[in-house]
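Asks:
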Amino acid sequence: MKAIHILFIAAVLFISPSCKKFLAQYSQNQTFIQSAADLDELLIGSCYPLSGLWPEMLLLDDDLEQNPTITQTSNLVSYPEFGIHYWQKDPALNRNGSLNPGYGSYEIFYKRFSTLNTILFNIPSLREKNEPENALQRIAGEAHFLRAYYYFLLVNFYGKPYNISTANTDNGVPLKITPEVQTTPLKRASVKEVYDQITSDLLDAEKELAGANETGVLRANQAAVQALLCRVYLYREEYEKAVSVADKVLQKHYQLQDLNNWPASSPFLERASAEIIFTSNATGNNMYRVMIDPAILLSQYINNYRVSEDLLGNYSTTDLRPGAFFKQLDEGDFITKKSGDDNKSDACDLAMIRLPELYLNKAEALAASGKNEEAIAAIQELRKKRFKPADLTDLPFSGKQLIDFIRDERRRELCFELHRWFDLRRYAVNSRFPYEKSIRHRAFAFDGSGRYESGYYELKPYSQEPSAWLQPIPSKEIEFNKGAITNEPRPDRPLIP
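Convert by adding 324 to the 1-based position in the sequence shown; the result is the number in this note's numbering.
See the structure below:
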């Protein structure tokens, strides 16, 4: 037990304030982690809260564009998200060159890893104390899932996309899967090494969570594990495995929401939705907050955004999704309302796994394998719930045309759920059907009488500037690790008038 205490005390140096508060409740002799219930409380308090992980990930792709209100003059001048939204050389800096305090996901991820590693380390010792095995199995499964989920987000933000030809040598992110204090500088693992760890954790979690949390959505269950594993296999171009795992989830109790019967006054995504597999409490942490309606704009909201014209133009006039997904403001702009048009919805669109993704993953994997008819059948199952019967058209596609259609369908369905940026990266390095594009983001300035559009910034396709398609690891982490971690140089990006 003494060894557990020492390792756990060391881990406290790297974990979140909420965890420290939890530990403070224990007696001064520090006899904590005495039971499975202690681990469960630590898991809930320090590993599940998903707030604070998303700000940088929302503002990079082509589904969203800045749309500041005239009343935001001071914030428009400084624009804290300037560096990230406009793909600047140092994305952590605002327009004035000062550090954006909201740019901090990297550190938060590693605090979570430290806690998750400690939880997993202590499970064998608690087994020796005859703590309930079913509880320990469930906790281990949830911890393995969360570690895999967070590493998946991390490597797709700070590492290169998974390229089957170069993943062995491409820069991923540092792997830390033990609770001991690191005495040597951390280095980047390869992309393949990170994905191998993600896959291993998910395969462990799939076994550990069998029969656990089957009807809940706020804590991981086997379906959530399998859904994320399916996504990982798709990214790795392991298409047969992706289809097999997708089918496991599609055979469970989840159901697609039929937009033919959807009441327009209700949020499309609520916690009770039959198509939600995993989500988070969304109070103050959903996409509506990022695109905040000027009608309820509060002083702490820095900028607001709108659905891009590029995304809106991707829907047909008969598609039922825009009416369910978006809200049109008085001035004509659209913002997302997937999880409701207020700031207190009970499901988080930014941290969500939904059933439609499994149909999309399966369809893409089948199409990439040349199984066109099966791919069309899979994608049409989703589209039946997104169009009126008279408007559901046949899909006379094959090969690249079919892949392109499925990818567009993925964009239409999963917009603002942390997919698009990652998808664009993986499309660019796909071995069978590569696709890449440039992205433009409008820029604004203020001249004393109001805002005006001053030009745009352009991100070139991945093949032309790959380092701009991943975020640099923060400089303080590089300094702490004595230069063992490096970033590829990022280009300067000037305003184009």
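C-beta atoms are modelled at their ideal positions from N, C-alpha and C, and glycine is treated no differently.
1) Buried or exposed: which applies to Ser604, given that a residue is buried once 16 or more other Cβ atoms fall within 10 Å of its Cβ?
2) Buried or exposed: which applies to Phe804, given that a residue is buried once 16 or more other Cβ atoms fall within 10 Å of its Cβ?
3) Using CA atoms only, rank isn't needed, just tell me which of Glu564, Arg543, Val497 and Ala472 is closest to Glu365.
4) Hey, quick one: how far does the alpha helix (DSSP H) through Gly807 stretch, first residue to last?
5) At which residues does the alpha helix (DSSP H) containing Phe770 begin and terminate?
6) Please determine if the stretch 526-533 and the stretch 581-600 are in contact, where contact requires at least 3 C-beta pairs separated by less than 8 Å.
7) If we ignore side chains and look at the alpha-carbon of each, how far apart do Tyr427 and Glu380 end up?
8) Let's see if you can read the secondary structure: which residues bound the alpha helix (DSSP H) around Ser778?
9) Which residue marks the beginning of the alpha helix (DSSP H) containing Gln550, and which one marks its end?
10) Where in the stretch 444-504 do unbroken runs of the beta strand (DSSP E), each at least 3 residues long, occur, reported from the N-terminal end onward?
11) Quick check on the burial criterion: 16 or more other C-beta atoms within 10 angstroms. Buried or exposed for Tyr350?
12) Alpha carbon to alpha carbon, what distance is there between Asp634 and Gly656?
13) Please name the residue in Pro821, Gly807 and Gln795 whose C-alpha comes closest to that of Tyr430.
14) How many Å lie between Asp414 and Gly407 at the Cα?
15) Using the beta-carbon count (16 or more within 10 Å), is Lys761 buried or exposed?
16) So does the stretch 632-651 actually touch the stretch 733-740, counting three or more Cβ pairs closer than 8 Å?
17) Look at the alpha carbon of Leu499 and the alpha carbon of Ala491, and state the distance between them as a whole number of angstroms.
18) Determine contact between the stretch 480-489 and the stretch 746-765, defined as no fewer than three beta-carbon pairs at a distance below 8 Å.
19) Thinking C-alpha only, which one of Val541, Leu383, Arg817 and Val556 is nearest Arg595?
20) Excluding the 5 residues preceding and the 5 following Arg436 in the sequence, name in chain order all residues of the same chain whose CB lies nearer than 6 Å to its CB.
21) Helix, strand or coil: how does DSSP classify Val631 here?
22) Starting from Gln725 and walking both ways along the alpha helix (DSSP H), at which residues does that stretch end?
23) In whole angstroms, what is the alpha-carbon distance linking Leu388 and Asn628?
Replies: According to the data block:
1) Here residue 604 corresponds to residue number 280 of the sequence shown, with the count starting at 1. With 16 or more Cβ atoms within 10 Å of its Cβ, Ser604 is classed as buried.
2) Here residue 804 is taken as the residue at index 480 of the sequence shown, counted from 1. Counting Cβ neighbours within 10 Å, Phe804 comes out exposed, since fewer than 16 surround it.
3) As a first step, residue 365 is located in the sequence shown; it is residue number 41 there, counting from the start. It is Arg543 whose Cα lies nearest to the Cα of Glu365.
4) Stepping through the sequence shown from its first residue, residue 807 is reached at position 483. Unbroken run through Gly807: none, as it is neither H nor E.
5) Taking the first residue of the sequence shown as position 1, residue 770 is located at position 446. Per DSSP, Phe770 belongs to no alpha helix (DSSP H); it is in the beta strand (DSSP E), Ile763 to Phe770.
6) no
7) As a working note, residue 427 is residue 103 in the sequence shown. As a working note, residue 380 is residue 56 in the sequence shown. Using only the alpha carbons, I get a separation of about 6 Å.
8) As a position in the sequence shown, residue 778 is number 454, starting the count at 1. Element bounds for Ser778: not the alpha helix (DSSP H) but the beta strand (DSSP E), Arg775 to Leu783.
9) Indexing the sequence shown from 1 puts residue 550 at position 226. It spans Gln546 to Tyr559 - the alpha helix (DSSP H) in which Gln550 sits, taken as one unbroken run.
10) none
11) Taking the first residue of the sequence shown as 1, we reach residue 350 at position 26. Residue placement at Tyr350 is poorly supported in this model, since its pLDDT is 31, which falls under 50; the coordinates still yield a value, given next. Per the 10 Å Cβ criterion, exposed.
12) For this step, residue 656 is matched to residue 332 along the sequence shown. For this step, residue 634 is matched to residue 310 along the sequence shown. Near 15 Å, if we compare the C-alpha coordinates of Asp634 and Gly656.
13) Indexing the sequence shown from 1 puts residue 430 at position 106. Checking every option, the nearest Cα to that of Tyr430 belongs to Gln795.
14) If you number the sequence shown from 1, residue 414 lands on position 90. If you number the sequence shown from 1, residue 407 lands on position 83. Looking at the two C-alpha atoms, the distance is approximately 6 Å.
15) On the sequence shown, position 437 is the one that residue 761 refers to. That one is exposed.
16) yes
17) Against the sequence shown, residue 499 aligns to sequence position 175. Against the sequence shown, residue 491 aligns to sequence position 167. Between Leu499 and Ala491, the C-alpha separation is close to 15 Å.
18) Yes, the stretch 480-489 touches the stretch 746-765.
19) Reading the sequence shown from its first residue, position 271 is the one you call residue 595. Nearest C-alpha to Arg595: Val541.
20) Along the sequence shown, read from residue 1 onward, the residue named residue 436 stands at position 112. Taken in chain order, the residues that qualify are Cys371 and Tyr474.
21) The sequence position of residue 631 within the sequence shown is 307, counting from 1. Correct three-state label for Val631: strand.
22) What you label residue 725 is simply residue 401 of the sequence shown in a count that begins at 1. Per DSSP, Gln725 belongs to the alpha helix (DSSP H) from Gly723 to Leu738.
23) On the sequence shown, position 64 is the one that residue 388 refers to. On the sequence shown, position 304 is the one that residue 628 refers to. Leu388 and Asn628: Cα-Cα distance of roughly 10 Å.
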